[in-house]
Amino acid sequence: MSVSPAAPPARTAERPARALLYSEQIFGVCAAEVQKLHHDPFELFTRAVQPVIWLLLFGEAMARVRGLATGNMSYIDFISAGILTQSVLFVAIFYGIAAIWERDLGILHRYLVSPAPRSALVIGKALSAGIRGLSQAAVVYVLAGLLSVAISLQPLHLVLMVLFIIAGAALFATFSLIVACLVKTRERFMGIGQVVTMPLFFASNAIYPLTIMPAWLRAVARINPLTYEVDAVRALMLRGGTSSFGVGTDFAVLAVVFAVLVAIAARLYGRMGS
Amino acid sequence: MEPARPPDAAALPAQAGGGPTVIDATVIDATVIDVRKLTHRFGTFVAVDHLSFGVGRGEVFGLIGANGAGKSTIVRMLTTLLPVTSGGAIVAGYDLVKQPGEVRKHIGYVPQLMSADGDLTAFENLLLSARLYGIPQREIRPRVEEALAAMDLTPFARRLVKGFSGGMIRRLEIAQGLIHRPAILFLDEPTVGLDPAARHAVLDHLARLRAETATTILVTSHYMEEIEELCDRLGVLKEGRLVAVGSPAELEARIGPGATLDDVFAALAGEEAGPAETQAYRDVRLSRRAARTHG
Ligand SMILES: Nc1ncnc2c1ncn2[C@@H]1O[C@H](COP(=O)(O)OP(=O)(O)O)[C@@H](O)[C@H]1O
Ligand SMILES: [Mg+2]
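Rendered as C-alpha cells:
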C-alpha cells in the first residue's frame, strides 16, 4: 500500500481546525453565561444601582469642590468615566465568587473533565464578564447623559469603548478567578475582595487625577491596570476627552496584562477541581 | 573481558512478553481501563492504596464500597480531576498521567455532585457540553436532540434545570456525559439521593445504554443490590483496596451457598466508622445543598 497523498494537506489543515475548535470552546463557555443573564436579567438591574448611587451622590457632591485639577473638564465629566470603569470592575470581580460557587456545587468538574484547554475556559468566562460590563456601561452612559455630561457619540469612539470595556472586564474577571483559585472559599474571597478592590480603585485615576497624588501613590497608580482603563475610557467617553498615555498604549498594557493573567489562571483553574 | 552471557538469557527480556504468559492480542486490545497500583494520598491519609484492576471493552464494571471507601477518589483520578500520587492507569488507550488531554476526549463523567447548571435549560446544558467537546457545528443540534430523546427529556428541553426533579437532573447529566459518544462513561453513585421511582428510571436508562451501545461503563455505588443487575463484574472496595473482584455470581459463590450480594457486601466491605463518617456527612450536606438550590 502506498502512502496516502492526502496525508500532508490533512496535517497542514490541522492548525486552523484547532484554532477554530479553540474559538468554539471559548464561545460555548461565554454563550452559556450570556444565556444565564438572559434568564435572569433582574441581576443586571440590581447591579446598576451602584453606579447610579456613585454618580448621583458622590459625583454631584464632589462636583462642588473646586480645586481638583481635572484640566479643562468639569468634575462630573471627569468622574463619570471613573465610575463607569469602577462599575465594570465590580461586575468583573464577581466572577471569582461565581467560580467558587461552581466548584462547591460540582459544576466546575464538567468543565475540567472536558478536553477544552483551560485557557479557553478562562477566556470564555472572562469575555462573558465583558458582556455584563457593557450593560453596566450603558446605564452609566444614560445616566451621565441625563446629568448633561459631555458624552461623545462618535461611532469610532463607541466602537473603541466597547473594546475597552470588554478588555477591562475580562482582565479583572481573570484576576478575580486567580484569587478564587488561591483562596478557594467564599468567606475568604469576600475578605480578600475588599482588601484588593478598594486599593485598586483608589490607587487609580478613577476619582481624582494622577497629578494631585503624592509621588508614591502615583507610582502605584502607574502600575495599576485600572489606571490605563480609566485613561482610555475618559478619552473615548467624553467630547474633547484626552488620554494621558495614548489610547494605543492603554490597550497594549491591558492586552499584555490580560495575556499574563490568563496564563496564570489557566494553570490554577485546572487544579481547582482537586 | 566481558563475561560471556548465555544466549538465551540475553533473549529473555524480549521473550518475557512473548512467552507463555503473553496476553492474547485481542485481550490487550479489549482492555479499555487498565489500572496499575493506582494510589492517592490526602496528606498522610491513603485514600486509594495500590489499586489494580482492568475493565474490558463494552463491560459494565461496578465499584462497591461503604462511604469513605475511596470510590469517588478513584473515579476522580481516572477522569483526570485529581492528581495521581503513585502508580498509573491506561484509560481508553492513553496514559492517564502523561496524556490527560487525550484521556479527556474519550471519557464521559457523571460526578456524585451536580454537573448540570441549574441556571440553564436542559437544551443549553447539552449545547455547552457539545461545544466543549468540539462536536462539529452542523452535528450539534441533532446530537443534542438525540441525547434529550435518549433520556426522555425532550418535553423539558426548554425548562430551567433548577426546576427539575433529582432523577431528571441525573438523566440530563448522563446525557451530558454521553454527548460526545465517549468510549468510557464514569458514573459516581448515579442513584444517590433519588427516590425509588427515579432510581429505577436512571437504572433503566443505563441498562438501555448498555444494550444499545458498546460504551464501557464504570459505575460506583454503596448499595450492592442496586447495581448488581447492571454489572458484568464487581469490585468490592474497602479502605482504598479491592478485597474482591468477580461477576456477581462468583462473589456470591465465594461467601457460601445461598449468599446474596448483600451478604457479600457485609462480609467483605463491612461498614467502617471514623473518617468514613465525616465523608458521609459531607456528601449528605452537599447533595442536600444541591437539592435545595436545584430541586
Ligand atoms: N479532599 C479531601 N481531603 C482529605 N480527605 C479526603 C478528601 N476527599 C476525600 N477524603 C477522604 O478519603 C476517603 C475516601 O473518600 P471518597 O473517595 O470520597 O469515598 P467514597 O466516594 O467511597 O465515599 C474518605 O475517608 C474521605 O474522608
Ligand atoms: Mg463518593
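For the protein sequence lines, the chains are A and B, in the order given.
Okay, so the first sequence: first residue is 1 according to this note's numbering, each after it adds one.
Okay, so the second sequence: first residue is 1001 according to this note's numbering, each after it adds one.
Think of the CB as a built atom: it goes at the ideal place given N, C-alpha and C, for glycine as much as any other residue.
Please read all numbers here as calculations on a predicted model, not as lab measurements.
Beta carbon of SER128/A: closer than 7 Å to some heavy atom of ligand 2? Mapped onto the first sequence, residue 128/A falls at position 128. No, Cβ of SER128/A sits at least 7 Å from all heavy atoms of ligand 2.
On the DSSP letters alone, give me the boundaries of the beta strand (DSSP E) that ALA1089/B sits inside. Taking the second sequence and counting its residues from 1, one reaches residue 1089/B at position 89. Segment 1086 to 1091, the beta strand (DSSP E) holding ALA1089/B.
Cβ of SER1072/B within 7 Å of any heavy atom in ligand 2? By one-based count along the second sequence, residue 1072/B stands at place 72. Yes - ligand 2 has a heavy atom lying nearer than 7 Å to the Cβ of SER1072/B.
For HIS1205/B, tell me which candidate among MET1151/B, GLY1062/B, GLU1229/B and LEU1268/B has the shortest Cα-Cα distance. Locating residue 1205/B in the second sequence gives position 205, counting from the first residue. Among MET1151/B, GLY1062/B, GLU1229/B and LEU1268/B, the Cα nearest to that of HIS1205/B is on MET1151/B.
Nearer than 7 Å: is that true of the beta carbon of GLU1189/B relative to any heavy atom of ligand 2? Numbered from its first residue, the second sequence carries residue 1189/B at position 189. Answer for GLU1189/B: yes, Cβ within range of ligand 2.
What is the C-beta distance between PHE1061/B and ASP1232/B, in whole angstroms, given that I count them as a contact (C-beta under 8 Å)? Counted from its first residue, the second sequence places residue 1061/B at position 61. Counted from its first residue, the second sequence places residue 1232/B at position 232. With a Cβ gap of about 7 Å, PHE1061/B and ASP1232/B count as contacting.
Can you look up TYR1133/B in the DSSP assignment and give me helix, strand or coil? Here residue 1133/B corresponds to residue number 133 of the second sequence, with the count starting at 1. In the structure shown, TYR1133/B sits in coil (DSSP, three-state: anything other than H, G, I, E or B).
List, in chain order, every chain C residue whose beta-carbon is nearer than 8 Å to that of SER274/A. Although the question refers to chain C, the structure presented lacks it and instead comprises the protein chains A and B.
Presumed contact (8 Å Cβ cut-off) between VAL1075/B and ALA1116/B, rounded CB distance: Translated into positions along the second sequence, residue 1075/B becomes position 75. Translated into positions along the second sequence, residue 1116/B becomes position 116. Not quite, the Cβ-Cβ distance comes to about 18 Å (not below 8 Å), so this is no contact.
Chain A contact for LEU1153/B (CB, 8 Å cutoff): The residue labelled residue 1153/B in the question sits at position 153 within the second sequence. No, its Cβ sits nowhere closer than 8 Å to a Cβ of chain A.
Do LEU1082/B and HIS1040/B have their CB atoms nearer than 8 Å? As a working note, residue 1082/B is residue 82 in the second sequence. As a working note, residue 1040/B is residue 40 in the second sequence. Taking 8 Å as the Cβ cut-off, LEU1082/B and HIS1040/B qualify as a contacting pair.
Is there a C-beta anywhere in chain B that falls below 8 Å from the one on SER119/A? Translated into positions along the first sequence, residue 119/A becomes position 119. Output row for SER119/A: interface = no.
For GLN168/A versus GLY193/A, is the C-beta spacing smaller than 8 Å? Counting from 1 along the first sequence, the entry for residue 168/A is found at position 168. Counting from 1 along the first sequence, the entry for residue 193/A is found at position 193. Before going on, a small fix: residue 168/A reads as Gly here, not Gln. Not a contact, by the Cβ cut-off of 8 Å.
Could you tell me whether the Cβ atoms of ARG1170/B and THR1121/B are closer together than 8 Å? In the second sequence, residue 1170/B corresponds to position 170, counting from 1. In the second sequence, residue 1121/B corresponds to position 121, counting from 1. It is not a contact, given that the beta carbons lie outside the stated cut-off.
I'd like to confirm something about PHE1186/B: is its beta-carbon nearer than 7 Å to some heavy atom of ligand 1, or not? Taking the first residue of the second sequence as 1, we reach residue 1186/B at position 186. Outside the cutoff, so no.
Would you grab the beta carbon distance between ILE1179/B and ALA1130/B for me? Rounded to a whole angstrom, and I think it's under 8 Å. Here residue 1179/B refers to the residue found at position 179 when the second sequence is read from its first residue. Here residue 1130/B refers to the residue found at position 130 when the second sequence is read from its first residue. A Cβ-Cβ distance of about 5 Å is found for the pair ILE1179/B and ALA1130/B, placing them in contact under the 8 Å criterion.
Contact belief for ASP77/A with ALA138/A at Cβ below 8 Å, rounded distance in angstroms: Along the first sequence, one-based indexing puts residue 77/A at 77. Along the first sequence, one-based indexing puts residue 138/A at 138. Not a contact, Cβ separation roughly 18 Å.
Alpha helix (DSSP H) segment containing ARG1241/B, residue limits: Position 241 of the second sequence holds residue 1241/B. The continuous stretches of alpha helix (DSSP H) do not include ARG1241/B, which lies in the beta strand (DSSP E) extending over residues 1241 to 1246.
Alpha-carbon spacing of ARG15/A relative to SER23/A, whole angstroms: Along the first sequence, one-based indexing puts residue 15/A at 15. Along the first sequence, one-based indexing puts residue 23/A at 23. Between ARG15/A and SER23/A, the C-alpha separation is close to 12 Å.
Measuring only between beta-carbons, confirm whether ASP1117/B sits less than 8 Å from chain A. The residue given as residue 1117/B occupies position 117 in the second sequence. Taking Cβ atoms only, chain A reaches closer than 8 Å to ASP1117/B, which makes this a yes.
Quick one: Cα of LEU1234/B to Cα of VAL1055/B, how far? By 1-based counting over the second sequence, the position of residue 1234/B is 234. By 1-based counting over the second sequence, the position of residue 1055/B is 55. Going by the C-alpha atoms only, they are around 10 Å apart.
Own chain partners of VAL88/A with C-beta closer than 7 Å, once the 5 adjacent residues on each side are dropped: What you label residue 88/A is simply residue 88 of the first sequence in a count that begins at 1. So the list reads GLY133, GLN136, ALA137, ILE165, GLY168 and ALA169, once near-sequence residues are dropped.
Other residues of its chain near ALA81/A: CB distance less than 7 Å, five sequence neighbours each side excluded: Against the first sequence, residue 81/A aligns to sequence position 81. Contacts found: VAL230, VAL233, ARG234, MET237 and LEU238.
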